[in-house]
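Residue numbers (my numbering): 9 to 301.
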Amino acid sequence: MSLIIAFANNKGGTGKTTCVVQTAAALARAGKSVLVADLDPQGNATQSFGLDPESLQSIPTVSEAIKANTHGERGGEGAAADVVVSCEWRDSRGALTEEAKLIHVLPARFDLENRESESGTPGAVRRFAKALAGVAENYDYVLVDTRPSLGHLSQLAYAAADYVVLVTTPTYFAAEGAGRVVDFISTSAVDLNNSKLKLGGVVINKVKQTTADRAQIDGIVETYGDKVWRLRTIKGKLGDYEVENTPDFIPDWTRFAEAENANSSLSAWSGDRARKTTAIFDQIAANIIALAA
Ligand SMILES: Nc1ncnc2c1ncn2[C@@H]1O[C@H](COP(=O)(O)OP(=O)(O)O)[C@@H](O)[C@H]1O
Ligand SMILES: [Mg+2]
């Protein structure tokens, strides 16, 4: 069985794309096959997987897969199959990394923006779900990156998904943006034609060790209860001091920006903090795997 999970927040900059990309890497480390669908015309997830925007000009992208529903063969059913490309993370010898071998991408370029205006067409909200039909099943997990909006492109993701995972920072506006997603999907289930859609979890990102952040986290936990994912793990043998504790939430850490610029998985970086951070994403992957159980 395959699970489709949309990462969402109505606010930008909370780390949706970062979490999609690093969670895909973590699922791959756990031996799971992953399809990442980029439903943000900015194409940041696409580029983070090492796919070059120049070369994307000449290949079909997720935009065409969605559009195929209007005039393609089979009415667009399974059209995503024609668009899938491999993740391009490579090691120093130029070979695909072990993670990359298990990650496929439905890439986006800016012209995905053209799909946004098609919301008025009857049935349009199901076009992405239809494009994935028979394709999602080839993967253990489909992760969907969404834009910070509740518009048509995000609705395409919500209409296709089994779960929404909220990514928020411990700030008032981000928590509010997360809340708007939850309100939207609970009031629009009929319009989305997707009664199976559920809240999978809440990831809190960019956490600093401040009282202000702790207060915001308390508020988020008050709202979402045990849906908030506590990512703490204790690694190694406690007795022999080989412990590598990780925090409950994703710390604010400049290395993310560096990994982003290098188009790589955080696991490609060495050092204690990189190990801790990959361990946090391993825990996110474990939580996603637990959703299916
Ligand atoms: N935990 C973190 N610590 C530091 N920077 C982060 C963290 N998570 C994400 N970032 C950075 O924040 C910026 C926005 O993240 P991004 O994933 O693009 O957000 P979104 O997709 O929600 O708009 C990026 O530059 C990213 O590298
Ligand atoms: Mg993004």
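The beta-carbon is built from N, C-alpha and C at its ideal position, and this holds for glycine as well.
Residue i: CB within 7 Å of a non-hydrogen atom of ligand 1
i    : result
D260 : yes
E268 : yes
A265 : yes
P255 : no
K214 : yes
Burial state of residue i (16 or more Cβ within 10 Å)
i    : result
A287 : buried
E184 : exposed
R238 : exposed
Q65  : exposed
R222 : exposed
Q217 : exposed
T26  : buried
I67  : exposed
D191 : exposed
N269 : exposed
N77  : buried
R117 : buried
D290 : buried
Three-state secondary structure (DSSP) of residue i
i    : result
G233 : helix
T285 : helix
R240 : coil
G23  : coil
Y147 : coil
T176 : strand
A294 : helix
A169 : coil
D90  : helix
L110 : coil
K206 : strand
Q258 : The sequence given here has Ile at residue 258, not Gln. In the structure shown, I258 sits in coil (DSSP, three-state: anything other than H, G, I, E or B).
Contact test: residue i Cβ vs ligand 2 heavy atom, cutoff 7 Å
i    : result
T25  : yes
N18  : no
D234 : no
N52  : yes
D153 : yes
7 Å Cβ shell around residue i - same chain, five flanking residues per side excluded
i    : result
V28  : F15, V44, A53, L151, D153
E126 : A132, H160
Contact set for residue i: own chain, Cβ-Cβ below 6 Å, skip 5 residues either direction
i   : result
G21 : none
D99 : T105
A89 : V143
Nonlocal neighbours in the same chain, by C-beta distance under 8 Å from residue i, ignoring five residues either side
i    : result
A293 : T31, A34, L35, R37, A38, K40
I13  : Y149, V150, L151, V152, A169, D170, Y171, V172, V173, G208, I296, L299
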